[in-house]
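Residue numbers (this note's numbering), protein chains in the order written: chain F, 11 to 229; chain B, 102 to 407.
Ideal Cβ positions, reconstructed from N, Cα and C, are used throughout, including at glycine.
Here it is as structure tokens:
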């Protein structure tokens, strides 16, 4: 489902984020992407979502070469992905229901249907009772769960979670990870990046990156 | 409902929601744009009122031809076929005015009958009065000059006068006014585009995070751009309506002043507001200018965000 073939990313002569990375992630896998800050985890995730393009090598997602994907095709690729960011990037000028509806509205979905599905997504992360709350009224853990609801509302085939537990306490982090594992259990491919070794306890597959190079878990 | 209509409905809703969040700023921008639009709109209203009047005035210019003093009646009357030849192709009415009739008319009209009697002999020459039809455009008016020249070159002709010279001057003046108005409208149109451009620039900056997040969630460029286009068009439309309203309101006091002036010339002239088609056209132009400003701004600023 996700293939990296000798992928390198250079921002400048002195700044190389990824070096000759090759890996495969299959459909329905739950994969952790581990490594210290600056290892290239976020760059790797950005390439899957076509936010960054490789300087060399090929990134193939859903059978499409990201390097050859035209600008008009990018939104349609992203609609098949669920993106979760370290700083949730919720919109503070609207309530959380409106935040979760956004991925559906951008596709031209009817408002009533979008609201119904957003409520269902919030219910799955245990926040339906806070649907009308503003994002800033929620705790960090709750905001991250809203971000998960927003990521899953359009029923993505892949969830990319970039350091989703980085700013959370252990209890909140566990709730977030439990929610992601639950979606993986119904067949959604999940790639979760983290620099927290505790998160990796019991992980079936861990891809390790250091200084932009793959040091384990590529197969 | 088709997804296309739904997306436009969403974009319009998003634009209105943005305007509702900062109504003061929107109203201020509407006023700035309205001031810029009001001047050309007032000019268009004025020209729209004056145009039919000037067209009416320019109809049927009259040419007076005076026969050389001392020419016999036969010589004077022999000019008519030559005049008809010169006016060939024109719809003209030629009337010969014998000097005796001209004197009688002068006595009747001027009230100087006694004074004219003291002259002893008739000082007026035989003459022709020619009413020309269909010379109401600038090009046709120029043809009259050629006709006058040919008539003036005929033997026995002393003077040829065209009473449409002032009409030509008025037409030329209106032409200058039209051109000045066009230049003013272009200049102020650029001002409108600049104001909308800046308004949309600020909105793009304010909504930068929303734009970035929407893109990551799969929004197309069209989805992101549309609300800004609607905002620009709405700004132009509202400003156009305000400008037209202001011009219409200004007509009342202006007409009071014009009425007094027109009475001195025994005229009933009044400035009328623009008709519904003109109003619809100007509103469409206003919205179009807003849309152009938004298009330019969105293309420039969202391209930078990429």
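Between the CA atoms of residue 279(B) and residue 168(B) - distance to the nearest angstrom: 40 Å
Does any CB atom of chain B fall closer than 8 Å to the CB of residue 117(F)? yes
At a CB-CB cut-off below 9 Å, which residues of chain B make contact with residue 127(F)? Residues of chain B passing the Cβ test: none, with the nearest at roughly 14 Å.
Contact set between residue 88(F) and chain B, taken where Cβ atoms lie within less than 9 Å: 316, 317, 318, 319, 320
Residue 107(B): contacting residues in chain F (beta-carbon distance under 7 Å): 118, 120
Segment contact flag, the segment 106 to 116 of chain F with the segment 126 to 140 of chain F, C-beta cutoff 8 Å, min 3 pairs: yes
For residue 370(B) versus residue 381(B), is the C-beta spacing smaller than 8 Å? no
Quick one: what's got a C-beta closer than 6 Å to residue 143(B)'s C-beta in the same chain, skipping five residues either side? 348
Measuring alpha carbon to alpha carbon, tell me which residue in 222(F), 163(F), 211(F) is nearest residue 193(F). 163(F)
Residue burial classification, residue 219(B) (beta-carbon count within 10 angstroms, cutoff 16): exposed
In chain order, which continuous runs of the alpha helix (DSSP H) of length 4 or greater are located wholly inside the segment 70 to 125 of chain F? 84 to 88, 106 to 115
Over the uninterrupted alpha helix (DSSP H) stretch that includes residue 343(B), give me the two end residues. 322 to 365
Proximity test, residue 287(B) beta-carbon vs the ligand ZN heavy atom, cut-off 7 Å: In terms of ligand content, the structure shown is empty, and the ligand ZN therefore cannot be addressed.
In terms of alpha-carbon separation, which member of 263(B), 246(B), 378(B) lies closest to residue 229(B)? 263(B)
With a CB to CB cut of under 7 Å and the five nearest residues on each side skipped, what residues in its chain are close to residue 300(B)? 130, 336
Going by beta carbon distance, what residues of the same chain come within less than 6 Å of residue 20(F), once the five residues before and after it are set aside? 26, 65
Buried versus exposed call for residue 196(F) [16 or more other C-beta atoms within 10 Å across all chains shown]: exposed
Own chain residues within Cβ distance below 8 Å of residue 140(B), not counting five before or after: 285, 289
In chain F, which residues lie with their C-beta within 8 Å of the C-beta of residue 298(B)? Under the 8 Å cutoff, chain F gives no residues; its nearest Cβ is about 24 Å from residue 298(B).
Between the Cα of residue 176(B) and those of 187(B), 199(B), 162(B), spot the shortest distance and give me the residue it belongs to. 199(B)
Neighbourhood of residue 102(F) by C-beta distance below 6 Å, restricted to the same chain and skipping five residues each side: 145, 146
Could you confirm whether any beta carbon from chain C is found closer than 8 Å to the beta carbon of residue 324(B)? This model lacks chain C altogether; the protein chains it does include are F and B.
Run down chain B in chain order and give the residues with a C-beta less than 7 Å from the C-beta of residue 54(F). Ordered by position in chain B, no residue passes the 7 Å Cβ test against residue 54(F), which lies about 16 Å from the chain.
Could you tell me the alpha carbon to alpha carbon distance between residue 159(B) and residue 343(B), rounded to whole angstroms? Confidence at residue 159(B) is low in this model, with a pLDDT of 47, below 50, so its placement is unreliable and no value can be given for it.
Name, please, each residue of chain F whose Cβ falls closer than 7 Å to the Cβ of residue 111(B). 115
Would residue 118(B) be called buried (16 or more neighbouring beta carbons within 10 Å of its own) or exposed? exposed
My understanding is that residue 394(B) touches residue 293(B), with C-beta atoms under 8 Å, so please give their C-beta distance in whole angstroms. 7 Å
Helix, strand or coil, according to DSSP, for residue 252(B) in the structure here? helix
Between the C-alpha atoms of residue 226(B) and residue 273(B), what's the straight-line distance to the nearest angstrom? 33 Å
Residue 171(F) - partner residues in DSSP beta bridges: 94(F), 202(F)
Using only alpha-carbon positions, find the residue among 88(F), 16(F), 98(F) that is nearest to residue 173(F). 98(F)
Quick one: which chain B residues come within Cβ less than 8 Å of residue 112(F)? 314, 315, 318
Taking the continuous alpha helix (DSSP H) assigned at residue 55(F), which residues delimit it? 51 to 58
Provide the residue(s) that pair with residue 12(F) in DSSP beta bridges, ordered along the chain. 35(F), 71(F)
Own chain partners of residue 37(F) with C-beta closer than 7 Å, once the 5 adjacent residues on each side are dropped: 11, 199
Member of 48(F), 43(F), 88(F), 45(F) whose CA lies at the smallest distance from the CA of residue 61(F): 88(F)
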